[in-house]
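At position 59 of the sequence shown (counting the first as 1) the number is 62 in this note's numbering, and the numbers step up by one without a gap.
For each residue, glycine too, the CB sits at the ideal point set by N, CA and C.
Only one structure is covered here, and it is reproduced in the block below.
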Amino acid sequence: MLPDNKQMLALSATYPEYLADHLTAYMRNPTFLRLNISDPALLGITIKAFEPSSVKRGLMHVRKVWSQISLCSLHRLIREDTFRLNLIFAATRLSLNEKYH
4 MLPDNKQMLA LSATYPEYLA DHLTAYMRNP TFLRLNISDP ALLGITIKAF
54 EPSSVKRGLM HVRKVWSQIS LCSLHRLIRE DTFRLNLIFA ATRLSLNEKY
104 H
């Protein structure tokens, strides 16, 4: 059995508002930390995002093009700035493993 009083963490790169609403049913006085490009919450942290334009073709072609666009964009972002530490979010861990291992 879990104790009545416990700490919970719900971590995600992005989470929708309905999930935040759902979590409040299980938490007392929850605190949400959301990092947005327009409203950074941490000093010294630079947030960069890239969203490629949509491609309208067959599904396999779309996946291949998105993968190539994302990889090229990631390389460009890393080359443009010098970072001591990078935190990269992807749709799946497998997609990063395929590209960098």
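Relative to the C-alpha of residue i, which candidate in the options has its C-alpha closest?
i, options, result
"proline 33", "Tyr18, Leu12 and Glu20", "Leu12"
"leucine 14", "Asn8, Asp7 and Ala23", "Ala23"
"aspartate 36", "Tyr29, Thr17 and His25", "For the sequence presented, residue 36 should be read as leucine rather than aspartate. Of the listed residues, the one whose Cα sits closest to leucine 36 is Thr17."
"arginine 31", "Tyr21, Cys75 and Gln10", "Gln10"
"aspartate 7", "His25, His78, Tyr29 and Glu83", "Tyr29"
For residue i, which three-state DSSP category applies?
i, result
"aspartate 7", "coil"
"arginine 31", "coil"
What residue does the alpha helix (DSSP H) around residue i start on, and which one ends it?
i, result
"alanine 23", "20-26"
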